[in-house]
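Input: a single structure, listed below in structure tokens.
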Amino acid sequence: MRLSRWFPNPQLPSSPTPAEERANLASHAAAAVLAALAGVWLAVGSPSAAPPVLVWTGVFFALAMAVTFAASAAYHLHAEGPRKDRARRADHAMIYAAIAATYTPFAVAVIGGAVGLGLAATQWTLAAVGVWICLRHFHRFGWVQLGLKLAMGWMMLPVAGPAVAAIPPASLAWLLAGGVVYTVGVVFFLMEGLPFNHAIWHGFVVGGAGCHLVAVERAIAAAAAG
Numbered sequence: 001m002r003l004s005r006w007f008p009n010p011q012l013p014s015s016p017t018p019a020e021e022r023a024n025l026a027s028h029a030a031a032a033v034l035a036a037l038a039g040v041w042l043a044v045g046s047p048s049a050a051p052p053v054l055v056w057t058g059v060f061f062a063l064a065m066a067v068t069f070a071a072s073a074a075y076h077l078h079a080e081g082p083r084k085d086r087a088r089r090a091d092h093a094m095i096y097a098a099i100a101a102t103y104t105p106f107a108v109a110v111i112g113g114a115v116g117l118g119l120a121a122t123q124w125t126l127a128a129v130g131v132w133i134c135l136r137h138f139h140r141f142g143w144v145q146l147g148l149k150l151a152m153g154w155m156m157l158p159v160a161g162p163a164v165a166a167i168p169p170a171s172l173a174w175l176l177a178g179g180v181v182y183t184v185g186v187v188f189f190l191m192e193g194l195p196f197n198h199a200i201w202h203g204f205v206v207g208g209a210g211c212h213l214v215a216v217e218r219a220i221a222a223a224a225a226g
């Protein structure tokens with residue numbers, strides 16, 4: 001069996017069946033609503049003693065995930081044509097913003113200092129590069145784009161010392177769990193020879209985002225408890 005049958009260029013358009021595309025649409029449309037509700041929950045339900053910058057960067061993360069899921073749902077909603085191609089670019093571009101938004105509460109409000117702010121600045125700089133590639137050169141550098149997303153996702157490793165010292169243990173455990181869930185999901189994203197592979201990938205994305213939402217909530221709770 002040729003490896004390319006299962007792992008094609010990740011930027012080439014796939015040809016899902018109507019049932020697969022309905023599953024793709026439904027999974028991330030539902031996730032967009034849940035992520036938006038999570039943002040509201042963090043905004044109104046966080047302890048009053050929690051640092052406002054942590055709460056509001058957490059809300060920002062949740063809303064960024066809602067927009068990311070909505071962009072994905074919009075892509076899967078459209079029929080083939082120029083509009084779907086534009087939606088596909090927006091879908092992939094938002095992934096970079098979602099990764100950077102995930103880092104923001106922890107980098108800015110938990111780790112802090114030069115290390116945390118440098119981490120946040122690096123994340124958003126790379127996100128801007130990724131968005132530019134998606135908008136201008138989407139059908140090129142497919143594996144480069146995938147590698148950039150994975151590198152951004154695991155960028156906590158070079159600053160593991162300060163991160164472990166600053167992030168509460170429960171929050172850190174959920175962060176790592178989310179990273180593992182996302183990374184395992186990439187395998188299914190690439191396996192276009194597997195029926196419903198993209199819907200399975202969506203499930204892993206929702207699971208990873210859920211883990212990271214819990215990580216934010218645990219960090220807020222720990223900060224409020226002093």
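Everything in the sequence shown is counted per the working numbering, starting at 1 for the first residue and increasing by one. Don't be surprised by glycine CBs; every beta carbon is placed ideally from N, CA and C.
Put simply, of A26, A35, L25 and W124 the residue whose alpha carbon is nearest the alpha carbon of G208 is A35.
Taking the Cα of V53 as reference, the smallest distance to any Cα among L37, A109 and V180 is reached at A109. Shown here, W201 sits in a helix according to DSSP, grouped into three states.
Per the coordinates, the alpha-carbon of I111 lies some 25 Å from the alpha-carbon of G130.
Nearest neighbour of A26 by Cα position, chosen from V216, I200, L135 and L150, turns out to be I200. Excluding residues up to 5 positions away in sequence, S171, W174 and L175 lie with their Cβ nearer than 6 Å to the Cβ of A215 in the same chain.
Straight through space, the alpha carbons of K149 and A225 are spaced by roughly 34 Å. Taken in chain order, the whole alpha helix (DSSP H) runs of length 4 or more contained in the region 153–191 are 160–166 and 169–190. Under the three-state reduction of DSSP, P47 is assigned to coil, being neither helix nor strand. In the pairwise beta carbon analysis, the region 58–67 is classified as touching the region 92–109: at least three pairs are separated by under 8 Å.
The three-state reading of DSSP puts T17 in coil, since its state is none of H, G, I, E or B.
Going by beta carbons, V55 and I220 fall inside the 8 Å limit.
Note on geometry: alpha-carbon atoms of F196 and A166 lie some 40 Å from one another. Counting only runs of at least 4 residues, the region 75–163 fully encloses the following alpha helix (DSSP H) elements, listed from N- to C-terminal order: 82–104, 113–137 and 142–153. Of the candidates P169, T125 and L194, the residue whose Cα lies closest to the Cα of A222 is P169.
Here T125 is exposed, its C-beta having fewer than 16 other C-beta atoms within 10 Å.
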